[in-house]
Amino acid sequence: KDIVLACPMNMFPQAEPSKTPQEIWEDFSLSFTPAVREVVEFAKHIPGFSALSENDQVTLLKAGTFEVLMVRFASLFNVKEQTVTFISGTTYSLEALKGMGMGGLLDTMFEFSEKLNSLELTAEELGLFTAVVLVSADRSGIENLNSVELLQESLIRVLRTLVSKSNPCDASRFTKLLLKMSDLRTLNNMHSEKLLSFRID
Amino acid sequence: FSDPASNLGLEDIIRKALMGNLEERPE
């Protein structure tokens, strides 16, 4: 049976049949590792992040990396054309990806990308929103909750000021943006379930 | 395997990157 890992972060979504499942999994790991490293580098540049305990930094990154990548790569989802461009540069149609077993998760990713893009965030707003997503005090396993909460609150305050300043006539824009965090959490859970099913298979 | 992040070896990649230990991908 051919193994298909149709993740936009996978350089080789349709694995060579001669490869063992272990080799396919290792190729996949090598494909997404640079993106994960970029998320870590991004986190290091969030003022106050490096002052958190090492364990809390790891906990936040483990829990939030998918969500950060989803925000960062939302532009790979072309809602109008119904296509997804993988990091390899190959563009797949929604229909083809559904044929590879990417059903509900993909639809929800498209929906999220469309909603996020409709907010037309500036690069600065997007970067700050991504920092707020990463520094989420409600991730399980946080040791020093107070420190993470304080950092998240200060990031949210700056984001609110920034969003209000760039679009003072639209008071709901900030609320809409914060609601995207809940959408990201849903996507994260769906993605985790998908990963588990691959591993079990 | 109850933790997808562990399945992916995410913690190892994150810890290495946090410590600045960026091993290059072998060709």
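Residue numbers (my numbering), protein chains in the order written: chain L, 1 to 201; chain Z, 1001 to 1027. All C-beta atoms, glycine included, are put in the ideal place defined by N, C-alpha and C. Since the structure is predicted, the reported quantities are computational estimates derived from the model, not experimental observations.
Next on the checklist: Taking the beta strand (DSSP E) that T90/L belongs to, which residues open and close that run?
Outcome noted: Where T90/L is concerned, there is no enclosing beta strand (DSSP E), given that its DSSP letter is neither H nor E.
Item to check | Residues of the region 53-80 of chain L whose Cβ lies closer than 9 angstroms to any Cβ of chain Z, in chain order | outcome: E54, Q57, V58, L61, K62, A63, T65, F66
Checklist entry - According to DSSP, what are the bridge partners of F77/L? => result V84/L
Item to check | Top-ranked residue by Cα proximity to S140/L, from L61/L, A6/L, V40/L | outcome: L61/L
Next on the checklist: Starting from L94/L, trace the alpha helix (DSSP H) in both directions and tell me its first and last residue.
Outcome noted: 94-99
Item to check | the region 171-178 of chain L in contact with the region 116-133 of chain L per 3-pair CB rule at 8 angstroms | outcome: yes
Checklist entry - Hey, out of A137/L, E81/L, L195/L, whose CA is closest to S154/L's CA? => result A137/L
Item to check | According to DSSP, residues forming a beta bridge with V40/L | outcome: V40/L pairs with nothing; no bridge assigned.
Next on the checklist: Suppose you measure from the CA of W25/L to the CA of T85/L; what does that come to, to the nearest Å?
Outcome noted: 21 angstroms
Next on the checklist: From the DSSP secondary-structure annotation, give me the bridge partner or partners of V4/L.
Outcome noted: Q14/L
Checklist entry - Would you say L179/L faces chain Z, with C-beta separation under 8 angstroms as the test? => result no
Checklist entry - Apart from the five residues on each side of it in sequence, which residues of its chain come closer than 6 angstroms, Cβ to Cβ, to E114/L? => result V79
Next on the checklist: Would you call the region 89-102 of chain L in contact with the region 141-152 of chain L, where contact means no fewer than 3 C-beta pairs closer than 8 angstroms?
Outcome noted: no
Checklist entry - Since R37/L meets chain Z, which of its residues come closer than 9 angstroms, beta carbon to beta carbon? => result I1013, I1014, K1016, A1017, L1022
Checklist entry - Is V58/L closer than 8 angstroms to L1008/Z when the C-beta atoms are compared? => result no
Checklist entry - If you check the beta carbons only, do V4/L and M100/L fall under 8 angstroms apart? => result yes
Checklist entry - For P47/L, does the count of other Cβ atoms within 10 angstroms reach 16, so buried, or fall short, so exposed? => result exposed
Item to check | Residue nearest to S192/L in terms of C-alpha spacing, selected from A63/L, V158/L, F77/L, S118/L | outcome: A63/L
Next on the checklist: Which residue marks the beginning of the alpha helix (DSSP H) containing L155/L, and which one marks its end?
Outcome noted: 145-166
Checklist entry - Where does H45/L sit, in a helix, a strand or coil, going by DSSP? => result coil
Checklist entry - Taking all protein chains shown into account, do 16 or more other C-beta atoms lie within 10 angstroms of the C-beta of R1025/Z, making it buried, or fewer, making it exposed? => result Reliability of the predicted coordinates at R1025/Z is poor, the pLDDT of 43 falling under 50, and the value obtained from them is presented with this limitation in mind. The residue is exposed, with fewer than 16 neighbouring Cβ atoms inside 10 Å.
Checklist entry - CA-CA distance, F32/L and V39/L? => result 11 angstroms
Checklist entry - Going along the chain, which residues of its own chain have a beta-carbon closer than 6 angstroms to the beta-carbon of S88/L, five neighbours each way excluded? => result M11
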